[in-house]
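One structure below.
Number of protein chains: 2
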Amino acid sequence: MWNKNKLTEKLGISYPIIQAGMAGGITTPELVAAVSNAGGLGTLGAGYLNAEQTRESILKIKQLTDKPFAVNLFTPETPEVRDTEVAQANEWLLPCREALNISEVPKVKEYSTAAFEQQIQVIIEEQVPICSFTFGIPSQETLQQLKENHIVLMGTATTVTEAKANEASGMDMIVMQGSEAGGHRGTFLGSFEDAMIGTMALIPQAADQVNIPLIAAGGISDGRGVLAALVLGAQGVQIGTAFLTSLESGANEQHKQAVLNSKEDQLTVTSAFSGKPARGIQNDFITKMKEYEMHLPPYPIQNTLTQPIRREAGKQSQAKWMSLWSGQNPRSCKQLPAGELIAEMVTQIDQISL
Amino acid sequence: MWNKNKLTEKLGISYPIIQAGMAGGITTPELVAAVSNAGGLGTLGAGYLNAEQTRESILKIKQLTDKPFAVNLFTPETPEVRDTEVAQANEWLLPCREALNISEVPKVKEYSTAAFEQQIQVIIEEQVPICSFTFGIPSQETLQQLKENHIVLMGTATTVTEAKANEASGMDMIVMQGSEAGGHRGTFLGSFEDAMIGTMALIPQAADQVNIPLIAAGGISDGRGVLAALVLGAQGVQIGTAFLTSLESGANEQHKQAVLNSKEDQLTVTSAFSGKPARGIQNDFITKMKEYEMHLPPYPIQNTLTQPIRREAGKQSQAKWMSLWSGQNPRSCKQLPAGELIAEMVTQIDQISL
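In the order they appear, the protein sequences are chains A and B. First residue of the first sequence: 1, per our numbering; consecutive thereafter. First residue of the second sequence: 355, per our numbering; consecutive thereafter.
What follows is the structure in structure tokens.
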């Protein structure tokens, strides 16, 4: 069944399995390299890194693998900072900060696209083979620069309309993120609620409307999901949560255990951590912030405000204040080396008989 | 690929494709018979019928096919009627009634399980081969009576917990309803929000936890979805929306056209029509009732209150006041005879090459 398709050929990989570029220290160079060495495509989640951190991680990955890998960037957003909104959010966050003995209230400065532009230069300088984007489509100038440097471009879409926009922008392929997916929703056109489309419905409809290869994401944790996605019309899959619990993942151990012990009906979508909707395991932070959710500052302002809370919760191993991102298929996740996870998926696919 | 499996053997059908028992006049005897005659399993949606209407439809189906078919029943709920709650809901519904020139305000009587019990007797007397249930599991007495009469029992679940409860009750098979599904959510344990699990994630997790055959529902409108569901671990599929637009379907023509012209991101889940969450196409009724949604009477009280609105909207062809149920895969729906839809699905499956 592992015939090469346009996607695996373009990416130069053996299996159409992409490890999602989860941000926040989860995608260690060891994880990225392990996935690429096993025949999949590892992705550095550089969404929250600055240019120098991005370069440092890329150099480490190159030491660990000579296979293709990707870097995921967040297309930047620069919302206006409203002081009263920030003050109100800080008041709501105070009980969480007190519970964790945090005295630091993060400074919110005006946001710019400078850090993103510096990351783009690093990616070009380091000749990263593949660059993927979440939260929208960068400028034509940026995309052209990457194309001229022969970097493969991968967009993210949550609706057919967003898929068409990605195709029109010149992306080489698109991650179609179904509603099952863990972490942040990639929605950038229209409301996120309208764009909560299950993978089973999203893939065939998108496949009928765009001509570039599609990568299915959301709810896929094992070989059954990989093969089902190919049947639906995708040419590959992107898997996050199942690699989050892998041995090489840099996710906090509390986070890994929370996923491994979670069930499909214990998850929710919240904007409380970052100002942007994301799927994770229900906990005290989400419950307590629920009533304020509609009035919080937008991403990335709220993300800046909660950053010390998330960091300190990790240090203190207090899962109730952490962002425990997870997709809707936690029951299939295992704590294994990433390479073994890929080998298991491939074996499982070969054994499926109908 | 059409090896018999436990599901098709137990149901006595050629293809593992079940037409969903959509209530409200959609599943005409002609539709049910056309699906069964084409090798699938047609289902009469008897949720809103009384015993005599149920018998009448069954007799017509028997005239049109000698193949197995199913009847779907709603496991009854008997909420307490609170007069102030009903009066408030009627006030909120008044603008809709006025827009449609409806003077009738439906009488809400106490609800009982008598009509359901009479339906069960009809199903036994008419020797209906298969009986499926939505909104929970009937009493052991009812299930035993059906079993003694060799009627195959099919439950509905939206989480693994609900699947286990169905298996423990003695059901022969379970429809696993993913979040993509159109119409009413079948959730009966826990909150419906927690049970909005995408089909891609729901099926493999349930398949690992229960031993009876599973039927995937939600987001499946063509052969790609059927095969993907089998790959994920289901033994069959249940399809609603794609049969709603078929020629034999009794759905209002406005409803059919709304689905055929709809896109995957124009749907929402609302409790405003019936008091129970259901997925359909956004329209004025849903928008106007949004702010009251949390304070409406429970199902089936709200359903009784909106019944004249839905009926009159249908007569006047005013789609904006109708319940335009649809799953998240409307782009794949076609206006064809139901038998041709099944033949197309089977052909499509045979042509899938990876």
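Just so it is clear, CB atoms sit at the ideal spot from N, CA and C, and this is done for glycine as well. All values reported here derive from a predicted model rather than from experimental measurement.
- For residue 45(A), name the three-state secondary structure that DSSP assigns. Position 45 of the first sequence, counted from the start, is the residue given in the question as residue 45(A). Strand.
- Item | Listed by chain order, chain A residues near residue 686(B) by CB distance under 7 Å | One-based indexing of the second sequence puts residue 686(B) at position 332. Simply 204, 205.
- Task: Give the single residue among 464(B), 357(B), 535(B) whose Cα lies nearest to the Cα of residue 598(B).
- Result: Sequence index remark: in the second sequence, residue 598(B) carries index 244 (1-based). Ranking 464(B), 357(B), 535(B) by Cα distance to residue 598(B) puts 535(B) first.
- According to DSSP, is residue 543(B) helix, strand or coil? Residue 543(B) sits at position 189 when you count from the first residue of the second sequence. Of the three classes helix, strand and coil, the one that applies to residue 543(B) here is coil, per DSSP.
- Task: For the alpha helix (DSSP H) holding residue 72(A), just list the boundary residues, first then last.
- Result: In the first sequence, the residue the question calls residue 72(A) occupies position 72. Note, residue 72(A): premise wrong, no alpha helix (DSSP H); beta strand (DSSP E) at 69-74.
- Item | Interface residues of the stretch 443-461 of chain B facing chain A [CB-CB below 9 Å] | none
- For residue 180(A), go through chain B and note every residue whose CB falls closer than 7 Å to its CB, in chain order. As a first step, residue 180(A) must be located in the first sequence, where it is residue number 180. Correct list: 552, 554, 555.
- Query: Identify the residues that DSSP records as bridge partners of residue 633(B): which are they?
  - Reply: As a first step, residue 633(B) must be located in the second sequence, where it is residue number 279. Note: residue 633(B) sits in a beta bridge opposite 537(B), 623(B).
- Item | Stretch-stretch touch, CB-based, cutoff 8 Å, three pairs: the stretch 539-547 of chain B with the stretch 496-505 of chain B | no
- Any idea what DSSP makes of residue 333(A), helix, strand or coil? As a first step, residue 333(A) must be located in the first sequence, where it is residue number 333. Three-state result, residue 333(A): coil.
- Query: Does the beta carbon of residue 9(A) sit closer than 7 Å to a beta carbon anywhere in chain B?
  - Reply: Taking the first residue of the first sequence as position 1, residue 9(A) is located at position 9. Not an interface residue.
- beta strand (DSSP E) segment containing residue 237(A), residue limits: Locating residue 237(A) in the first sequence gives position 237, where the first residue counts as 1. From DSSP, the beta strand (DSSP E) with residue 237(A) extends over 236-239.
- Query: Can you list the residues of chain B that residue 355(A) reaches, using a CB-CB cut of under 7 Å?
  - Reply: Here chain A comprises residues numbered 1 to 354, so residue 355(A) is not present and cannot be evaluated.
- Is residue 213(A) closer than 7 Å to residue 7(A) when the C-beta atoms are compared? In the first sequence, counting from the first residue as 1, residue 7(A) sits at position 7. In the first sequence, counting from the first residue as 1, residue 213(A) sits at position 213. Result yes, Cβ atoms of residue 7(A) and residue 213(A) sit closer than 7 Å.
- Item | Environment of residue 329(A) [buried if 16+ CB atoms lie within 10 Å] | Indexing the first sequence from 1 puts residue 329(A) at position 329. Counting Cβ neighbours within 10 Å, residue 329(A) comes out buried, since at least 16 surround it.
- Please report the residue range of the beta strand (DSSP E) in which residue 160(A) lies. By 1-based counting over the first sequence, the position of residue 160(A) is 160. Taken as a continuous stretch (DSSP letters only), residue 160(A) belongs to no beta strand (DSSP E), being part of the alpha helix (DSSP H) at 160-169.
- Message: Spatial neighbours of residue 393(B) within its chain, please: C-beta separation below 7 Å, excluding the five flanking residues on both sides.
- Response: Locating residue 393(B) in the second sequence gives position 39, counting from the first residue. For residue 393(B), where only same-chain residues beyond five positions count, the Cβ hits under 7 Å are 367, 368, 369, 696.
- Query: When we look at the beta-carbon of residue 475(B) and count the other beta-carbons within 10 Å, is it buried (16 or more) or exposed?
  - Reply: Locating residue 475(B) in the second sequence gives position 121, counting from the first residue. Classification for residue 475(B): exposed.
- the stretch 225-237 of chain A: positions lying closer than 7 Å to chain B by Cβ: 225, 227, 228, 230, 231, 232, 233
- Task: Give me the Cα-Cα distance between residue 569(B) and residue 402(B), rounded to the nearest whole angstrom.
- Result: Start at 1 with the first residue of the second sequence, and residue 569(B) comes out as number 215. Start at 1 with the first residue of the second sequence, and residue 402(B) comes out as number 48. The straight-line gap from Cα to Cα measures roughly 23 Å.
- Message: Closer than 7 Å between beta carbons: that is the criterion. Which residues of the stretch 186-197 of chain A meet it against chain B?
- Response: 190, 194, 195, 197
- Message: Spatial neighbours of residue 409(B) within its chain, please: C-beta separation below 6 Å, excluding the five flanking residues on both sides.
- Response: For the purposes of this step, residue 409(B) is taken as residue 55 along the second sequence, with counting starting at 1. 476, listed in sequence order.
- Residues, ordered as in the chain, of the stretch 314-329 of chain A that lie near chain B by beta-carbon distance below 9 Å: 327, 328, 329
- Go through its chain and collect everything with a Cβ distance to residue 138(A)'s Cβ below 7 Å, but skip five positions before and after it. Reading the first sequence from its first residue, position 138 is the one you call residue 138(A). Cβ within range, chain order: 75.
- Task: Please decide whether residue 635(B) counts as near chain A, where near means a Cβ-Cβ distance under 7 Å.
- Result: Numbered from 1 along the second sequence, position 281 holds the residue referred to as residue 635(B). Answer no: the Cβ-Cβ gap between residue 635(B) and chain A never drops below 7 Å.
- Examine chain B for any beta-carbon lying closer than 7 Å to the beta-carbon of residue 41(A), and answer yes or no. Numbered from its first residue, the first sequence carries residue 41(A) at position 41. Cβ-Cβ to chain B under 7 Å: no for residue 41(A).
- Query: For the stretch 208-220 of chain A, which residues have a CB atom closer than 9 Å to at least one CB atom of chain B, in sequence order?
  - Reply: 208, 209, 216, 218, 219, 220
- Query: Which first and last residues belong to the alpha helix (DSSP H) in which residue 643(B) is found?
  - Reply: If you number the second sequence from 1, residue 643(B) lands on position 289. Start and end: 638-643.
- Check whether the Cβ of residue 239(A) lies closer than 7 Å to any Cβ atom in chain B. Locating residue 239(A) in the first sequence gives position 239, where the first residue counts as 1. Not an interface residue.
- Query: What are the start and end residues of the beta strand (DSSP E) that includes residue 487(B)?
  - Reply: Residue numbering aside, residue 487(B) sits at position 133 when the second sequence is read from its first letter. First-last of the beta strand (DSSP E) with residue 487(B): 484-488.
- Message: Below 8 Å on C-beta distance, what does residue 706(B) contact in chain A?
- Response: Position 352 of the second sequence, counted from the start, is the residue given in the question as residue 706(B). Here the neighbours are 231.
- Which listed residue (271(A), 207(A), 78(A), 141(A)) has its alpha carbon closest to that of residue 183(A): The count along the first sequence starts at 1 and reaches residue 183(A) at position 183. Of the listed residues, the one whose Cα sits closest to residue 183(A) is 271(A).
- Query: Enumerated in chain order, which unbroken segments of the beta strand (DSSP E) with a length of 3 residues or greater are wholly contained in the stretch 206-259 of chain A?
  - Reply: 214-217, 236-239
- Assign residue 661(B) to one of three DSSP states: helix, strand, or coil. By 1-based counting over the second sequence, the position of residue 661(B) is 307. Reduced to three states, the DSSP call for residue 661(B) is helix.
- Query: Is the stretch 446-464 of chain B touching the stretch 415-422 of chain B in the sense that three or more CB pairs, one from each, lie closer than 8 Å?
  - Reply: no
- Task: Classify residue 477(B) as helix, strand or coil using the three-state DSSP reduction.
- Result: What you label residue 477(B) is simply residue 123 of the second sequence in a count that begins at 1. Three-state DSSP puts residue 477(B) in a helix.
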